[in-house]
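A.B. asks: In the numbering used here, the protein residues as written are 271 to 601. No residue lacks a Cβ here, since even glycine has one placed at the ideal position from N, Cα and C.
Structure follows, in structure tokens:
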């Protein structure tokens, strides 16, 4: 790995490392067939780092998704390339060895974690990960002067050169190189790392192994009719009011969801929460925005949004807005 001149505060040799910091990290990137709950991983890379962010080793694999590879124009992996690749069940043990006992680090970590957790669930296994750290959240904690939160922007800030964008191995390398100075800056300022729990997958039950049948049905996985409630920590930012068309979302805004979404609802909610938004289960005069793909559905949330004049956007527009959420007022 190329040694970089850190563009943030560094830890001097005499400064003790925060004792509460993790003892190791697994910087991960996965490329996928898409963003929905039934999409699959087609390649994965892991850079293992020690407690101070120094690289120990790296690993990369293609994965046969057993379906159409999705946006080839983005990741470049065709059906022909993936045809002879191992299945996820073939690489799960090695993947686990790379993750075991470490904090999973990724750019927009909730997405990588959800995709990984689903692949393990399909294989009737559980990823050995208990915490994750999103480098977007860390850059916000550090107050890095970034115009947006794209990986290439974070890389450019630290002078890291991208060679193959949307290639899992190179994206993981770039992130590992950008994470090291970020971690050092956090340690120098004794900043609390934005660690989040990696909860075991709950949206499917009785998940059969790939290729097997369960309950007389076809092989695959089945949506569970019951999902335990999830208590999120309180949003730390004040509510700045309603969303205004043409302006960015701002941390602290209250966001509610209604109806079906192509991306799993839990994933959308996690993304919103990690961006600093308040995820609400109901609509009130304080709600900043309602996200729905069917604004004419007549659901109680849609009707209340009309009553209160709550702005409404669809899932695609919300995804674009999430890419660049403005800091909370006064921060």
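#1: For residue 593 and residue 418, I'd like the C-alpha separation in whole angstroms.
#2: Using DSSP's beta-bridge definition, name the partner residues of residue 467.
#3: For the 8 Å Cβ check, are there 3 or more pairs between the segment 312-321 and the segment 433-440?
#4: When you compare only the Cα positions, how much space is there between residue 473 and residue 561?
#5: Considering just the uninterrupted stretch of the alpha helix (DSSP H) at residue 361, what are its terminal residues?
#6: Is the Cβ-Cβ distance between residue 508 and residue 522 less than 8 Å?
#7: Express the C-alpha separation of residue 349 and residue 451 in angstroms, rounding to a whole number.
#8: Am I right that residue 358 and residue 393 are in contact with their C-beta atoms under 8 Å? What's the rounded C-beta distance?
#9: Tell me which same chain residues have a C-beta within less than 7 Å of the C-beta of residue 416, skipping the five on either side of it?
#10: Rounded to whole angstroms, what is the Cα-Cα separation between residue 288 and residue 363?
#11: Give the secondary structure of residue 520 by DSSP, where H, G and I count as helix, E and B as strand, and everything else as coil.
#12: If I'm right that residue 309 touches residue 382 with Cβ under 8 Å, what's the distance once you round it to whole angstroms?
#13: Determine the DSSP secondary structure at residue 435, reduced to helix, strand or coil.
#14: Going straight from the alpha carbon of residue 535 to that of residue 527, what length do you get?
#15: For residue 640, report the span of its beta strand (DSSP E) as first-last.
#16: Helix, strand or coil for residue 312, going by three-state DSSP, please let me know.
#17: Between 525, 551 and 564, which lies nearest to residue 531 when the distance is taken from Cα to Cα?
#18: Can the beta-carbon of residue 467 be found closer than 8 Å to that of residue 384?
#19: Could you check if residue 378 is buried or exposed, using at least 16 other CB atoms within 10 Å of its CB as the buried criterion?
#20: Can you give me the C-alpha to C-alpha distance between residue 390 and residue 543, rounded to a whole angstrom?
#21: For residue 537, which residues from the same chain have a beta carbon less than 6 Å from its beta carbon, with the 5 sequence-adjacent residues on both sides left out?
#22: Check each candidate in 354, 329 and 462 and name the one with the smallest Cα separation from residue 336.
#23: Looking only at its own chain, which residues have a Cβ that is under 7 Å from the Cβ of residue 540, when we skip the five neighbours before and after it?
#24: Ignore the nearest five residues each way along the sequence and tell me which others in residue 511's own chain have a CB closer than 7 Å to its CB.
#25: In chain order, what residues of the same chain lie with their CB nearer than 8 Å to the CB of residue 304, ignoring the 5 residues before and after it?
C.D. replies: So, from the listed chains and residues:
#1: The residue you call residue 593 lines up with position 323 of the chain shown. The residue you call residue 418 lines up with position 148 of the chain shown. In this structure, the straight-line span from the alpha carbon of residue 593 to that of residue 418 is close to 7 Å.
#2: As a working mapping, residue 467 is identified with position 197 in the chain shown. Paired residue(s): 401.
#3: These segments touch.
#4: Residue mapping note: residue 473 aligns to position 203 of the chain shown, counting from 1. Residue mapping note: residue 561 aligns to position 291 of the chain shown, counting from 1. Because residue 473 carries a pLDDT of 48, less than 50, the predicted location of this residue cannot be relied on, and the following value inherits that uncertainty. Going from the Cα of residue 473 to the Cα of residue 561 covers about 21 Å.
#5: If you number the chain shown from 1, residue 361 lands on position 91. Here the alpha helix (DSSP H) through residue 361 covers 358-369.
#6: Residue 508 sits at position 238 when you count from the first residue of the chain shown. Residue 522 sits at position 252 when you count from the first residue of the chain shown. At the C-beta level, residue 508 and residue 522 come within 8 Å of one another.
#7: Counting from 1 along the chain shown, the entry for residue 451 is found at position 181. Counting from 1 along the chain shown, the entry for residue 349 is found at position 79. Cα-Cα distance, rounded: 38 Å.
#8: As a first step, residue 358 must be located in the chain shown, where it is residue number 88. As a first step, residue 393 must be located in the chain shown, where it is residue number 123. Between residue 358 and residue 393 the beta-carbon gap is near 6 Å, inside 8 Å, which marks them as a contact.
#9: Counting from one through the chain shown, the residue named residue 416 turns up at place 146. Excluding residues within five positions, the ones whose Cβ falls inside 7 Å are 409, 423, 424 and 427.
#10: Taking the first residue of the chain shown as position 1, residue 288 is located at position 18. Taking the first residue of the chain shown as position 1, residue 363 is located at position 93. The straight-line gap from Cα to Cα measures roughly 32 Å.
#11: Residue 520 sits at position 250 when you count from the first residue of the chain shown. Note: residue 520 maps to strand in three-state DSSP.
#12: Sequence index remark: in the chain shown, residue 309 carries index 39 (1-based). Sequence index remark: in the chain shown, residue 382 carries index 112 (1-based). The C-beta separation of residue 309 from residue 382 comes to about 13 Å, leaving the pair out of contact by the 8 Å criterion.
#13: Reading the chain shown from its first residue, position 165 is the one you call residue 435. If DSSP states are grouped into helix, strand and coil, residue 435 belongs with coil.
#14: Within the chain shown, numbered from 1, the residue matching residue 535 stands at position 265. Within the chain shown, numbered from 1, the residue matching residue 527 stands at position 257. Note on geometry: alpha-carbon atoms of residue 535 and residue 527 lie some 8 Å from one another.
#15: Only positions 271 to 601 of the chain appear in the structure, and residue 640 is not among them; the question remains open.
#16: Along the chain shown, one-based indexing puts residue 312 at 42. Of the three classes helix, strand and coil, the one that applies to residue 312 here is strand, per DSSP.
#17: One-based indexing of the chain shown puts residue 531 at position 261. The shortest Cα separation from residue 531 among 525, 551 and 564 belongs to 564.
#18: Walking along the chain shown from the start, residue 467 turns up at place 197. Walking along the chain shown from the start, residue 384 turns up at place 114. No, the pair does not count as a contact, with Cβ atoms beyond the cut-off.
#19: Here residue 378 corresponds to residue number 108 of the chain shown, with the count starting at 1. Buried is the call here.
#20: Walking along the chain shown from the start, residue 390 turns up at place 120. Walking along the chain shown from the start, residue 543 turns up at place 273. If I take the Cα positions, the gap works out to 24 Å.
#21: As a first step, residue 537 is located in the chain shown; it is residue number 267 there, counting from the start. If you ignore the 5 residues before and after residue 537, its C-beta comes within less than 6 Å of the C-beta of 384, all in its own chain and listed in chain order.
#22: For the purposes of this step, residue 336 is identified with residue 66 of the chain shown, where counting begins at 1. Residue 336 has its Cα closest to that of 354, out of 354, 329 and 462.
#23: The residue given as residue 540 occupies position 270 in the chain shown. Excluding the 5 residues flanking it on each side, residue 540 has same chain C-beta neighbours closer than 7 Å at 380, in chain order.
#24: Translated into positions along the chain shown, residue 511 becomes position 241. The residues are 558.
#25: On the chain shown, residue 304 is found 34 positions in, with the first residue counted as 1. Around residue 304: 340 and 341.
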